[in-house]
Amino acid sequence: MINGGYSVTDNRNPTLAKPRILITGGSGLLALNWFAAARDSYDVVLAFHERTLDIPGATGCKLALDSMDQLLAALDAHAPEFVVHAAGCTSVEGCEKAPNLAHHVNVVLAANVAAACKARGVPLVHISTDHLFAGHEAMVSEEVPVAPLNIYGKTKAEAELRVAEACPEALVIRTNFYGWGTSYRRSFSDVIVDALRQKRPITLFDDVHYTPILAESLVDTVHGLLARKASGVFNVVGSERLTKHRFGQLVAEVFGLDAAPIRRGALSDLPDLVKRPRDMSLSSRKVSAFLGRDPGPVSEHLYRLSLQAQRGLALELGKL
Ligand SMILES: NC(=O)c1ccc[n+]([C@@H]2O[C@H](COP(=O)([O-])OP(=O)(O)OC[C@H]3O[C@@H](n4cnc5c(N)ncnc54)[C@H](OP(=O)(O)O)[C@@H]3O)[C@@H](O)[C@H]2O)c1
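Taking the working numbering, I'd label the letters of the sequence shown as residues 1063 to 1382.
What follows is the structure, given as structure tokens:
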């Protein structure tokens, strides 16, 4: 099938076919962890931008998110049960250096994906961030007005509005996650594990608080929200607020690694960095009440991260 410059061949046996998910930002950290978490129940289509990957068990396609023709053709060709929009300019420093590009990628492309999903009646999960606030308040709920400090946060905040305008039924997920990364995209947890295994000093902020969640747990939770036809903004984060330094210590504990290389650092000692919130913690009260379950403590998520490695996921993704 060829349409609007988008081509795909579907060789699936319709009687054996699983439902499909289409994920934008297919080469990214979240998309690949989503694929790993969902592949037993779903056929996963990874929509690529510049970096394309050949991953056993995944369908890959090049998809220009600035082409409405290609977006609609992709939705028609793959008929996904839902779309996850995980593409983005995710570097805080990069967004500050290239604000127009950040706006195009984070806002314009998100609005395009939302308009295409609306036009085809396909449910959309838009991935937002915990980086939307000034950081003066802890465990922020979905009702608190946003107050982003930098271009990354501002573009992600505007994207939420544009997505809601184009597709009011969209599920907008505010989060901060970790999982196993690739050779070209390491997760925060990878950076810590790598340093501790190599006994290399690593400095972690003890004046920055957040509520991280394991990507696999984020995926479980979002699938639960979709099953209950949720829409609007949900914080999907861990239930525990902690510093980046404490997170590092927990990684060491759960992975049985010596924590001695971890040094205590402070964001306030680095005035040249792009301005960022010191407290990014979000409340998971709304999602917990909606689903009747709590995301669980960080140590439990880290234990699941270690189980993923034992099952080969760290190696599988690390080879990419
Ligand atoms: N990582 C976190 O902890 C975190 C925290 C909060 C929120 N988030 C949000 O979660 C989402 C996923 O983050 P991530 O860390 O998985 O991202 P990532 O690893 O940085 O990957 C970003 C993806 O976006 C794609 N992309 C970049 N420019 C594009 C364009 N012009 N058109 C289409 N695709 C483009 C990249 O493809 P190419 O490499 O081929 O360009 C890549 O696949 C983002 O919305 C991010 O804001 C992440």
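Heads up, the beta-carbon is just placed ideally off N, CA and C, and yes, glycines get one too.
In terms of DSSP beta bridges, what is residue i paired with?
i, result
"S1109", "This sequence places Ala at residue 1109; Ser is not what is there. DSSP, once it has assigned bridges, lists T1086, C1123 as partnering A1109."
"T1265", "R1325"
"E1189", "Residue identity check: residue 1189 is Ile in the sequence provided, not Glu. Looking at the DSSP assignment, I1189 forms a beta bridge with I1235."
"I1275", "F1239"
"F1195", "Looking at the DSSP assignment, F1195 forms no beta bridge with any residue, so it has no partner."
"L1280", "L1280 pairs with nothing; no bridge assigned."
"L1309", "For the record, residue 1309 in the displayed sequence is Phe; it is not Leu. According to DSSP, which records beta bridges pairwise, F1309 is partnered with nothing at all."
"N1297", "R1236"
"V1202", "L1344"
"L1304", "Y1272"
Among the options, which has the Cα closest to the Cα of residue i?
i, options, result
"G1286", "D1356, G1243, Q1260, A1139", "D1356"
"A1141", "G1087, E1222, S1089, A1178", "A1178"
"Y1412", "F1110, G1090, F1296, T1121", "Nothing can be reported for residue 1412: it is not among the residues displayed for the chain, which extend from 1063 to 1382."
"M1342", "Q1132, N1162, M1201", "M1201"
"R1338", "G1358, L1186, A1136, L1329", "L1329"
"S1345", "S1361, F1110, E1199, N1174", "E1199"
"H1111", "A1126, V1184, V1145", "A1126"
"M1130", "A1176, G1088, D1334, K1218", "A1176"
"T1217", "L1280, T1152, K1261, T1237", "T1152"
"S1190", "E1378, A1221, R1303", "A1221"
"V1383", "Y1240, D1269, D1268, F1267", "Any question about residue 1383 goes unanswered here, given that the chain covers just 1063 to 1382."
"V1146", "G1156, A1100, V1253", "A1100"
"R1326", "D1334, V1316, G1310", "G1310"
"F1390", "V1336, G1300, K1306", "Because the chain in this structure spans residues 1063 to 1382, residue 1390 falls outside the shown range and cannot be described."
"R1082", "L1137, D1102, F1097, E1143", "E1143"
"P1230", "Y1272, V1154, G1183", "G1183"
"H1188", "A1226, I1213, I1117, K1159", "A1226"
"V1253", "D1331, A1376, R1290, N1162", "A1376"
"R1247", "P1118, K1159, G1087", "G1087"
"A1136", "V1107, E1158, K1159", "V1107"
"E1302", "E1205, D1102, L1335, L1276", "L1276"
"K1159", "C1123, R1340, A1109, N1212", "N1212"
"G1215", "G1150, D1269, L1134, T1273", "G1150"
Check the C-beta distance from residue i over to residue j and give it rounded, since I have them as a contact under 8 angstroms.
i, j, result
"L1382", "L1092", "Incorrect: roughly 14 angstroms between the Cβ atoms, too far for contact."
"V1295", "V1349", "Actually they do not touch by this definition, with Cβ atoms about 10 angstroms apart."
"L1258", "L1319", "4 angstroms"
"S1251", "L1367", "6 angstroms"
"L1233", "A1292", "6 angstroms"
"L1194", "V1208", "4 angstroms"
"D1282", "T1237", "At roughly 13 angstroms, the Cβ-Cβ gap does not stay under 8 angstroms, so D1282 and T1237 are not in contact."
"A1173", "A1139", "Not a contact, Cβ separation roughly 22 angstroms."
"E1278", "N1095", "7 angstroms"
"W1242", "L1379", "5 angstroms"
"P1323", "I1264", "6 angstroms"
Can you check the segment 1121-1163 for any beta strand (DSSP E) of at least 3 residues that lies completely inside it and give the ranges in chain order?
1144-1147
Which runs of the alpha helix (DSSP H) fall wholly inside the segment 1210-1247 and span at least 4 residues, in chain order?
1213-1228
Pick out the complete beta strand (DSSP E) segments inside the segment 1312-1374, 3 residues or longer, and give them in chain order.
1324-1327
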